[in-house]
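Structure record follows, encoded as structure tokens.
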Amino acid sequence: MSYLCRCGALLLALTSLVLPAMAQSLEEELQRTPLPELANLAKADGDAVRGAVVFFQPHMACVKCHAVGAANQNGLGPDLAALGKDITDESLIEAVLSPSKVVRKGFESVTVATASGKSLTGILVERTKDKLSLRDLQRSGELTTLQAAEIEDVK
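Read left to right, the sequence shown gives residues 74 to 228 (my numbering).
Spelled out as structure tokens, the structure:
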């Protein structure tokens with residue numbers, strides 16, 4: 074099964090679990106359920122096609138950052154069609170439930186304060202003594218390059 078299908082199936086299975094009447098919310102119930110149990114439920118009951126539909130919904134924001142093969146190559150998040158075999162179903166579920174808990178190397182965000190008083194947040198692409206380039210989160214991953222003289226601080 075492709076990684077997109079795995080992600081879709083896992084996402085759909087997670088969002089379609091039947092909750093006990095006492096549960097406060099789907100998110101709270103999913104956070105309380107052990108990851109291996111959620112992975113087993115996703116494998117048994119997941120529907121990759123329906124999961125992909127959920128993944129691509131604008132209000133879900135998954136596709137805002139993540140590429141899927143040739144689609145949406147904005148560099149803000151890992152390409153889900155090219156995840157390595159070291160990515161387990163449990164780690165995919167954890168990434169869906171807590172997207173910022175583990176940030177994959179190369180996708181860490183930085184905040185740049187400019188000499189003119191502006192602030193930019195994005196994914197660092199390159200930093201040299203002369204310039205800094207980042208993929209601007211507010212501009213759907215647009216590449217922005219600042220000269221060293223324009224930079225006040227980088228965090």
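Backbone N, C-alpha and C define an ideal beta-carbon position, used for all residues, glycine too.
The Cβ atoms of Asn-147 and Arg-200 do not sit closer than 8 Å to each other. Judged by their CB atoms, Leu-170 and Leu-103 are nearer to each other than the 8 Å cut-off. The Cβ-Cβ distance between Ala-168 and Glu-225 does not fall below 8 Å. When secondary structure is reduced to three states using DSSP, Ala-186 falls in the strand class.
Bridge pairing for Val-227: Val-185 [DSSP]. Note on geometry: alpha-carbon atoms of Ser-192 and Val-175 lie some 24 Å from one another.
Residue pairing from DSSP places Gln-220 in a beta bridge opposite Lys-204. Among the bridge pairs identified by DSSP, Ile-196 is matched with Ser-182, Arg-208. The Cβ-Cβ distance between Leu-108 and Ile-166 falls below 8 Å. Here the alpha carbon of Glu-100 sits roughly 25 Å from the alpha carbon of Leu-210. Between Val-185 and Val-227, the CB-CB gap stays under 8 Å. Per DSSP, the unbroken alpha helix (DSSP H) holding Gly-124 starts and ends at 121–128.
Distance from the CA atom of Gly-124 to the CA atom of His-132, rounded to whole angstroms, is 14 Å.
Shortest Cα-Cα distance from Glu-163 to any of Glu-223, Ala-221, Ala-121, Glu-110 involves Glu-110. Selection Gly-119, Thr-194, Gly-157 evaluated against Gly-214 yields Thr-194 as nearest (Cα-Cα).
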